[in-house]
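From first to last, the protein sequence lines stand for chains A and B. Under the working numbering, the first sequence has 324 at position 32, and the numbering climbs by one with no breaks. Under the working numbering, the second sequence has 103 at position 74, and the numbering climbs by one with no breaks. All C-beta atoms in this analysis are idealised placements derived from N, C-alpha and C, irrespective of residue type, glycine included. The structure presented is a predicted model; accordingly, all values stated were derived computationally and were not measured. Down below is the structure, laid out as structure tokens.
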Amino acid sequence: MNILESRQDIDRCIAEGDFRGAATSLPQLWAAEPTNSTAAFVVHRFEQLRSHLSLRPFRLAILRSFTVEPIVPLLRASAFCSGIDLPVQLSDFNAYVQAITDAQSSLYAFRPDAVILAVQTRDAAPDLWNNFGALNAEDSQKAIARAVSEFRAWIQAFRKQSAAHLIVHNLEQPACPSRGVLDQQLEHSQCEAIRTVNRELAVAAAGFSGVYVLDYDSLVAKHGREQWHDERKWLTVRLPIAASHLGHLATEWMRFLHPMAGRIAKALVVDLDNTLWGGVIGEDGMAGIRLGTEYPGAAFQELQRALLDLYQRGILLAVCSKNNADDAMEALEKHPGMILRPAHFAALRINWLDKAQNLQEIANELNIGTHALAFLDDNPIERQQVRSELPEVAVIDLPSDPMTYARIVREFPVFERLTLSNEDLERGRMYQEQREREQLEHTVSSREDFYRSLKQEAEIAPVTPATLARIAQLTNKTNQFNLTTRRYSEQQISALAASAQWECFSIRVRDRFGDNGLVGVAILRTEDSTCEIDTFLLSCRVIGRTIETAFLSFLADRARAHRARHLEGWFLPTKKNAPARDFYLNHGFTVSKATGNETLWTLDLVENTLPCPEWVSLQIMNGEEQVR
Amino acid sequence: MTSSPILDRVSAIAADVLQVPASSLSLQSSPETVESWDSVRHLDLVLALEQEFHLQFEPEEIDQMKNAERIVDILSAKTPTR
């Protein structure tokens, strides 16, 4: 189908009311030709469709020192195709300093969820860019210090006014340093000066939560400095980037926006034949499949290395393959070219059933929704089947050349993360331990024996700087065992913990199989004789092992210590939190108020005890190093 | 109006960028006759043409793009005939 026909097809879908059909075709049109022309079409059609789709709204402001207007449609088209409705506000040219420092500016009135600060080297450090030849070592140091302290001041001023995410472009190097090849021979070189600003900017950003550096210099270098720039457009319309590279900046921005807007995958399900290795194991056999250090098997090893990187980032891997299980397992376990082994996969479905059904089962086994799955398969028919049966799955398109597979996976934005907790690093191992726990549960006769045999130790502590990121992460991504599903940023959690009425606790759980890590959060608000549980959530991997009772019993003790008479908490139902529905009921709470389908549950602390289960050993840490 | 491959490609792109039906565009279409053809859209159009035809326009050429006919002329001069 050519480009014109696919446009007509989409318009026909819209006219006939087949909105899902149109919403499935638009991303494919966009992927086939991601140009400004297509972007205008895609954005316009999604604007017609948006009320029929469940898009996630996310507001972006861009502060800039150059023309970015033509990049905005590219960005919004990408966002729509990823399920994000992205209103974009642009600051006036070179008015970013006023926008940041003025509390009344249109920037803050816009209430952005994220802000991009895109300033060119020539504007952020004019001396280093235009005038470097005239600077002696001392001048150059001063220019570096000035640029860094300005960045720091902007970030600080921004944080005072807004809790939004901030993405800061770092400074690009000149294509031709002012002193030519001599530059690299000098201690105080122009390139080294700009590198120093970038290093210091990274340090400054790391000092704030929710502030991230976009390595603009590396982005330009990746695509080639000479190719990236269009001097004619710069000098005529203040657009420094060539038409063919505008999309690459939009793509880089999306890699940040995906995790910020929560459009991420927790697990990647991969096919085996012609994906993880070349050839078909059932026909070619162990000796015949292509997988090794030389061409053509090296391409598949590269892909496996990319998958291993995802695994180490906390993304679960799973296999879904139409094969005889024995043949495939032999290759997974024994093929000398394999970089991944069965232990890297949290779930395996090697059978002849259809892939959408297998994906559904894998999601159930991993305790995640199908919307948290990504799918990698060389076969376009399988991809199409998954797309039409499970449109919420992020399907990765692969061209016919396996040498591109690794790069495509590495650049796929649903695997991007902005922070990495210890839990992320350990996740793959934890799921392996979970499989062992489930085997034990089948062999132990009673539930209580099972609980006892787990030898669970729980450690409860107030929020600390070390746990802040993980706590905010849990409030944002826990959907199932979550009583109120209130989402908090790191800044909001620190602000809460600093106020007298509020307390924020985390719980870590260890058992005989290993450390489950930090798996739960409770936020408590005390007023007069009542303690209200603002937030109570647990990661699904510890639900049903009475940890929730232990954590709630701690909150009851805490409320008594505050001399409260009542402990209460809302249950706010969502599409996903049914597992938490009867939590308060099962612990002796009664309904004291109901608004619509929302219920407030209360426990009289004098008339009720709420003991910790004897098989959970509870340790309460004091908060020496609390977040202020 | 005589049809040429370049004209067809230009009008398909202009229809996308200006959000009008391709059938409503002619060689005489210009910022004066098409309401949505403002300076921001004009830049989008120039960039979309550069992407489609894999070339870069000179500033002087962009200045001369006063209507669809001029755009087609400039593109014809820059594109080798096959």
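Taking only three categories from DSSP, how would you classify residue i?
i              : result
residue 932(A) : Outside the shown range of chain A (293 to 920) lies residue 932(A), about which nothing can therefore be said.
residue 434(A) : helix
residue 66(B)  : coil
residue 860(A) : strand
residue 919(A) : Because the pLDDT of residue 919(A) is 44, which lies under 50, any placement of that residue in the model is unreliable, and the question is left without a value.
residue 41(B)  : helix
residue 644(A) : coil
residue 806(A) : strand
residue 766(A) : helix
residue 839(A) : helix
residue 30(B)  : Confidence at residue 30(B) is low in this model, with a pLDDT of 44, below 50, so the placement of that residue is unreliable and no value is reported for it.
residue 75(B)  : helix
residue 586(A) : coil
residue 325(A) : coil
residue 678(A) : helix
residue 403(A) : coil
residue 351(A) : coil
residue 335(A) : helix
Find the residues of chain A that neighbour residue i, judging by a C-beta separation of less than 7 Å, and give them in chain order.
i             : result
residue 88(B) : 524 and 528
residue 42(B) : 329
residue 77(B) : 327, 328 and 329
Going by DSSP, what residue range makes up the beta strand (DSSP E) through residue i?
i              : result
residue 612(A) : 608-614
residue 504(A) : 503-506
residue 533(A) : Counting along the chain, residue 533(A) falls outside any beta strand (DSSP E), and DSSP gives it neither H nor E.
residue 899(A) : First-last for residue 899(A): undefined, no H or E at that position.
residue 381(A) : 380-382
residue 754(A) : 748-754
Buried or exposed for residue i, going by 16 or more other Cβ atoms inside 10 Å?
i              : result
residue 34(B)  : exposed
residue 504(A) : buried
residue 791(A) : exposed
residue 609(A) : buried
residue 46(B)  : buried
residue 826(A) : buried
residue 644(A) : exposed
residue 502(A) : buried
residue 771(A) : buried
residue 870(A) : exposed
residue 343(A) : exposed
residue 97(B)  : buried
residue 516(A) : exposed
residue 514(A) : exposed
If you follow the alpha helix (DSSP H) that residue i is part of, which residue opens it and which one closes it?
i              : result
residue 823(A) : That residue, residue 823(A), is in no alpha helix (DSSP H); its beta strand (DSSP E) goes 822-830.
residue 495(A) : 482-498
residue 878(A) : 875-878
residue 885(A) : Counting along the chain, residue 885(A) falls outside any alpha helix (DSSP H), though it belongs to the beta strand (DSSP E) covering 882-887.
residue 708(A) : Where residue 708(A) is concerned, there is no enclosing alpha helix (DSSP H), given that its DSSP letter is neither H nor E.
residue 360(A) : Taken as a continuous stretch (DSSP letters only), residue 360(A) belongs to no alpha helix (DSSP H), as it is neither H nor E.
residue 103(B) : 97-107
residue 579(A) : 573-580
Using the beta-carbon of each residue, which ones in chain A are nearer than 8 Å to residue i?
i              : result
residue 127(B) : Shown here, chain B extends from 30 to 111; a query on residue 127(B) therefore has no answer.
residue 81(B)  : 327 and 329
Below 9 Å on C-beta distance, what does residue i contact in chain B?
i              : result
residue 361(A) : 69, 72 and 73
residue 336(A) : 45 and 48
Quick one, which of the options has its alpha-carbon nearest residue i's?
i              : options                           : result
residue 748(A) : 687(A), 909(A) and 835(A)         : 909(A)
residue 459(A) : 356(A), 538(A), 428(A) and 482(A) : 356(A)
residue 441(A) : 305(A), 623(A) and 494(A)         : 494(A)
residue 820(A) : 755(A), 743(A), 858(A) and 813(A) : 858(A)
residue 627(A) : 667(A), 602(A) and 579(A)         : 579(A)
residue 758(A) : 714(A), 742(A) and 787(A)         : 714(A)
residue 551(A) : 474(A), 457(A), 658(A) and 623(A) : 457(A)
residue 386(A) : 786(A), 366(A) and 358(A)         : 358(A)
residue 717(A) : 728(A), 601(A), 814(A) and 671(A) : 601(A)
Determine the chain B residues that contact residue i at a beta-carbon separation under 8 Å, and present them in chain order.
i              : result
residue 536(A) : 79, 80 and 83
residue 712(A) : Correct list: empty, because the minimum Cβ distance to chain B is about 36 Å.
residue 365(A) : 73
residue 333(A) : 45
residue 296(A) : 41
In chain B, which residues lie with their C-beta within 7 Å of the C-beta of residue i?
i              : result
residue 469(A) : Here the premise fails: no neighbours, minimum Cβ distance about 25 Å.
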